[in-house]
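Here the sequence shown is numbered in numbering that gives the first Met the number 0, starting from 0 and rising by one per residue.
Let me begin by presenting the structure, written as structure tokens, before commenting on it.
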Amino acid sequence: MDPAKINAMVKWPIPRTAQDARRFIGLAGSYRRFVKDFSAIARLIHKLLLENRNGYEINRLLSKN
């Protein structure tokens with residue numbers, strides 16, 4: 000495990016755009032085997048991204064956080 004990547008995930012800011020969410024899933028996917036139920040967690044984000052392909056709705060939802 001790369002401590003720098005783990006630190007980056009821990010300190011990752013809350014995603015505010017669809018692109019931010021995709022970037023986090025990409026980074027976190029490197030360690031999916033160490034995260035219990037990673038696929039179930041990631042599936043929710045992927046579903047939201049697929050349902051809102053233009054990014055507008057997901058950007059609106061994420062910016063509320």
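In this text, a Cβ means the ideal position worked out from N, Cα and C, and glycines have one as well.
Could you check which residue in the options has the C-alpha nearest to that of residue i?
i: R21; options: F37, A41 and R59; result: A41
Would you mind sorting residue i into buried or exposed? The rule is 16 or more other CB atoms within 10 Å of its CB.
i: A17; result: buried
i: P14; result: buried
Among residues of its own chain, excluding the 5 on either side of residue i, which ones have a beta-carbon nearer than 7 Å to its beta-carbon?
i: I44; result: A20 and I24
If contacts are defined as beta-carbon pairs under 8 Å, then residue i and residue j qualify, I think. What distance do you get, rounded to the angstrom?
i: M8; j: A27; result: 6 Å
Using DSSP with H/G/I as helix, E/B as strand and the rest coil, what is residue i?
i: M8; result: helix
i: I13; result: coil
i: D1; result: coil
i: K46; result: helix
i: D19; result: helix
Grab me the residues of residue i's own chain with a C-beta within less than 8 Å of its C-beta, minus the 5 sequence neighbours each way, in chain order.
i: I5; result: Y30
i: V34; result: A27 and I40
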